[in-house]
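Notes follow the structure.
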Amino acid sequence: MLNVRRLLLLTEAAERGSLTAAAEAMGMTTSAASQQMSLLEREAGQPLIERLPRGIRTTPAGAALADRGRAVRRELGAAEADLESFADLDQGTLRLGSFPTASASLLPLALTRFSRRHPGVRTVVHAGFLGQLREMLHTGEVEQALLWDYEWNRVDDDTLALTHLVDDPTVLVVPADSPLRALPSPRLGDLADQEWIIRADNHPVADVLRRSCRRAGFEPRIAYASHDYQEAQAMVAAGLGVALAPRLALTNRRSDVRLLPFGSDVPAPTRRILLARTASRAPTPPAQAMARVLSAVAQKFTGAGLDRTQLGAVPRGGQGRA
Numbered sequence: 002m003l004n005v006r007r008l009l010l011l012t013e014a015a016e017r018g019s020l021t022a023a024a025e026a027m028g029m030t031t032s033a034a035s036q037q038m039s040l041l042e043r044e045a046g047q048p049l050i051e052r053l054p055r056g057i058r059t060t061p062a063g064a065a066l067a068d069r070g071r072a073v074r075r076e077l078g079a080a081e082a083d084l085e086s087f088a089d090l091d092q093g094t095l096r097l098g099s100f101p102t103a104s105a106s107l108l109p110l111a112l113t114r115f116s117r118r119h120p121g122v123r124t125v126v127h128a129g130f131l132g133q134l135r136e137m138l139h140t141g142e143v144e145q146a147l148l149w150d151y152e153w154n155r156v157d158d159d160t161l162a163l164t165h166l167v168d169d170p171t172v173l174v175v176p177a178d179s180p181l182r183a184l185p186s187p188r189l190g191d192l193a194d195q196e197w198i199i200r201a202d203n204h205p206v207a208d209v210l211r212r213s214c215r216r217a218g219f220e221p222r223i224a225y226a227s228h229d230y231q232e233a234q235a236m237v238a239a240g241l242g243v244a245l246a247p248r249l250a251l252t253n254r255r256s257d258v259r260l261l262p263f264g265s266d267v268p269a270p271t272r273r274i275l276l277a278r279t280a281s282r283a284p285t286p287p288a289q290a291m292a293r294v295l296s297a298v299a300q301k302f303t304g305a306g307l308d309r310t311q312l313g314a315v316p317r318g319g320q321g322r323a
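The sequence shown runs 2 to 323 under the numbering used here.
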């Protein structure tokens, strides 16, 4: 196979009529260019240039090969332009993984900002649970993924690079007219006589409820097992019981329920929302840009949504499984 750099040298020499001028254009010394041309002629198996007293002239084979070199040079220029456009975020595809709560809160705003800034980049989002998202990262199906963890199930994986985006505290969901609203700060120990709405199908929030109540000294009495947060809110509003939920899962809060924050001394856990990528792969420019956008968006959700005067309004962003 012909050496591409030598082929480009021949093209420059044919266009300039001088090996010295071609060498200068290619960033070579004249002697190095002469050696490279001799090697190219050896690869071609025939003379490609005629050396004249002043400059050079291509042979018929050299002229034909120089024409090919021009086409190669054009394609290489186009390839470099393609790479520059990817680096400048003018095109490409970014594959993200996410879970329902993040997809209902952080992600919509981030996607909107990202698409406005980088309209040429196509974004694809794959949904999954925690184990599925980690597998997607390792297989390369997604480049980045939003993950979550609690203190008892930390994402401890040296093969992943993690960015902590925001803390998502557990809140108490009560009916809008509940007497519990009068409490300065609910304590789980004072809620032992309450009926509880729990998440079904071994949902992580069901584990949160049981762990939290047991730490407070009682076993929760379950009145209803819901399959999503909207259903859980409806049962709370109907007076069937109260519920625990991550704050970000309630971005679409019903008007007939309220969210009450727990005090710092109450054993109601906070989960971390994380952005993960595989540590062994350098992030692409689109991934770097998305990480910056997500970090900025996450700040809007830090400490938001539990003002006592509003009793539960949080940033709007969609609906919330984890």
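C-beta atoms are modelled at their ideal positions from N, C-alpha and C, and glycine is treated no differently.
DSSP-derived helix/strand/coil call for residue i
i    : result
P61  : helix
Q145 : strand
V298 : helix
D68  : helix
S186 : coil
R118 : helix
D169 : strand
T252 : coil
T12  : helix
S213 : helix
L112 : helix
R282 : coil
G313 : Confidence at G313 is low in this model, with a pLDDT of 39, below 50, so the placement of that residue should be treated as unreliable; the coordinate-derived value is given next. It is coil, neither helix nor strand.
Endpoints, beta strand (DSSP E) assigned at residue i
i    : result
T271 : 271-279
P262 : 258-262
N-terminal and C-terminal residue of the alpha helix (DSSP H) that residue i is part of
i    : result
V156 : Where V156 is concerned, there is no enclosing alpha helix (DSSP H), given that its DSSP letter is neither H nor E.
G132 : 131-140
P247 : Taken as a continuous stretch (DSSP letters only), P247 belongs to no alpha helix (DSSP H), being part of the beta strand (DSSP E) at 243-247.
R43  : 31-45
Whole-angstrom distance between residue j and residue i, CA atom to CA atom
i    : j    : result
E51  : A72  : 23 Å
E13  : A105 : 57 Å
A239 : P176 : 7 Å
F302 : S296 : 10 Å
L148 : T271 : 14 Å
A23  : A65  : 18 Å
A283 : L90  : 16 Å
R216 : D150 : 19 Å
V258 : P180 : 12 Å
N253 : D229 : 12 Å
Cβ of residue i within 7 Å of any chain C Cβ
i    : result
V125 : The chain labelled as chain C is not found in the depicted structure, where only one protein chain is given.
Rounded distance between the beta-carbons of residue j and residue i, thought under 8 Å
i    : j    : result
R248 : P170 : 5 Å
A288 : R278 : 7 Å
A246 : V298 : With 8 Å as the limit, A246 and V298 do not qualify as a contact, their Cβ atoms being about 21 Å apart.
G264 : G218 : The Cβ separation is near 16 Å, so there is no contact.
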